[in-house]
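Notes follow once the structure below has been shown.
Numbering (my numbering), first residue to last: -17 to 413.
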């Protein structure tokens, strides 16, 4: 496929965008007040468009980028857009992003509608944050168009993007999305990323993926978990940066073997996870590289609690309550069972989608009350712990019976009273 020439593509400069800012009704970035000179107008534009580098806690959830959303109403979607956001999603407030296209994925065909072809791009929004955007292919916006942006490292302004509740961002020309080239550099360089601090991660909980640098210490053994229909290995660690701030990180797959404790690494394309608190997780395209420049650098591990888990040796089980429920294929949230057993589908409110029950994963949560040293303690066990110890394919009654009959089993749990591991006493090495 031949990439289009830059001259054939819609383009503008920051100065052109500034001139449109005089008319608020047609300005996609909002009016720039108190701009006595062109230089200050340009500075104001960049400050407005790139304010997301230091978002406040109050606004971090609602903004992908701190620019005024496009006021141009989206076009009416066609009936063939099965893989694109639904009409209710397209009616939501659109988002605009300014940055660079740094990576492009392969073309894919929608399973629900073979006419829909899409590909994903990594969009660099600042020196620390990137977002993955799904591009619905059109005659104008195809792989050639975006490959040209990567090759020439051209900044681009994406307008009228459609964010969904489960965090995905869609670019669809039929829903009003457009791209405008900017022939002036942004305050951050193409494909040059700086590490974000742990403190900023905890305070801002940034969207997208980013790079973080620090040292790790393992806080548990690797274990296998069913994820997206496949068994995958995960191991949890504590990561501390040079400022002495710490955060938990889940390291998946082959990265487990590459990670070495007490060495400084750069973790690229990691994301925030809100499972049991604010943590980090590696993604499918994450990588880590050793930072040899910081060999021998002392990190403040003496102030970081590593093993926060507690244990009980062979406690007595007093009671158990087991609940099983289906979780959404997309957002992993709990789904309500249909009242009529003959209904073969369920709906997810946050995703605004329906799906067949047989495609949804069945999750398990157990509340178990123990007697230990003459004290009663109630702990929670989630699906992965239960399956690893008791096995799969147990219904609620069978699982409750197994829990009530537990004997000579050691319990390991964290400060949130969540069971991390069940282990037969004879197999325990460290109580």
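Quick reminder that beta carbons are idealized off the backbone N, C-alpha and C, glycines included.
Which same chain residues end up closer than 7 Å to residue i when comparing Cβ atoms and leaving out the 5 residues on each side of it in sequence?
{"i": "residue 235", "result": "214, 215"}
{"i": "residue 52", "result": "Residue confidence is low: residue 52 scores 44 on pLDDT, short of 50, so the model does not pin down where it sits. Its coordinate-derived value is still stated next. Answer for residue 52: 10, 76, 78, 141, 142, listed in chain order."}
{"i": "residue 316", "result": "307, 309"}
{"i": "residue 395", "result": "291, 292, 361, 401, 402"}
Would you call the CB atoms of residue i and residue j closer than 9 Å?
{"i": "residue 223", "j": "residue 177", "result": "yes"}
{"i": "residue 432", "j": "residue 174", "result": "Limits of the chain in this structure are -17 at one end and 413 at the other, which puts residue 432 out of reach."}
{"i": "residue 107", "j": "residue 131", "result": "no"}
{"i": "residue 184", "j": "residue 231", "result": "no"}
{"i": "residue 161", "j": "residue 123", "result": "yes"}
{"i": "residue 202", "j": "residue 286", "result": "no"}
{"i": "residue 347", "j": "residue 362", "result": "yes"}
{"i": "residue 238", "j": "residue 366", "result": "no"}
{"i": "residue 151", "j": "residue 125", "result": "no"}
{"i": "residue 458", "j": "residue 165", "result": "There is simply no residue 458 to check, as the chain begins at -17 and stops at 413 in what is shown."}
{"i": "residue 229", "j": "residue 217", "result": "no"}
Starting from residue i, trace the alpha helix (DSSP H) in both directions and tell me its first and last residue.
{"i": "residue 380", "result": "378 to 386"}
{"i": "residue 167", "result": "Unbroken run through residue 167: none, as it is neither H nor E."}
{"i": "residue 240", "result": "237 to 240"}
{"i": "residue 156", "result": "From DSSP, residue 156 is part of no alpha helix (DSSP H); its letter is neither H nor E."}
{"i": "residue 329", "result": "Careful: residue 329 lies outside any alpha helix (DSSP H), inside the beta strand (DSSP E) at 327 to 330."}
Does the Cβ of residue i have 16 or more other Cβ atoms within 10 Å, making it buried, or fewer, making it exposed?
{"i": "residue 182", "result": "buried"}
{"i": "residue 144", "result": "buried"}
{"i": "residue 137", "result": "buried"}
{"i": "residue 114", "result": "buried"}
{"i": "residue 295", "result": "exposed"}
{"i": "residue 282", "result": "exposed"}
{"i": "residue 190", "result": "buried"}
{"i": "residue 408", "result": "exposed"}
{"i": "residue 158", "result": "buried"}
{"i": "residue 397", "result": "exposed"}
{"i": "residue 127", "result": "buried"}
{"i": "residue 220", "result": "buried"}
{"i": "residue 212", "result": "exposed"}
{"i": "residue 154", "result": "buried"}
Output needed for residue i: all residues of its chain with C-beta closer than 8 Å, excluding positions within five of it in sequence on either side, in chain order.
{"i": "residue 247", "result": "195, 196, 197, 198, 241, 270, 271, 272, 273"}
{"i": "residue 193", "result": "110, 175, 176, 177, 178, 248, 249, 250, 251, 252"}
Is residue i a contact residue of the ligand SAM, with contact defined as CB to any heavy atom under 8 Å?
{"i": "residue 405", "result": "You won't find the ligand SAM in this model; it holds no ligand whatsoever."}
For residue i, would you say it is in contact with chain B, using Cβ-to-Cβ distances shorter than 9 Å as the test?
{"i": "residue 374", "result": "Within the model displayed, chain B is absent; a lone protein chain is all it includes."}
Identify, in the order they occur along the chain, each residue of the same chain with its Cβ nearer than 6 Å to the Cβ of residue i, setting aside the five sequence neighbours on each side.
{"i": "residue 431", "result": "The question about residue 431 has no answer, for the chain in this structure spans -17 to 413."}
{"i": "residue 359", "result": "352"}
{"i": "residue 304", "result": "348, 378, 381, 382"}
For residue i, report the span of its beta strand (DSSP E) as first-last.
{"i": "residue 84", "result": "77 to 86"}
task = Indicate whether the contact test is met: 3 or more Cβ pairs, each with one atom in the region 367 to 379 and one in the region 322 to 329, closer than 8 Å.
result = no
query = Between the region 328 to 348 and the region 304 to 311, do at least 3 Cβ pairs fall closer than 8 Å?
reply = yes
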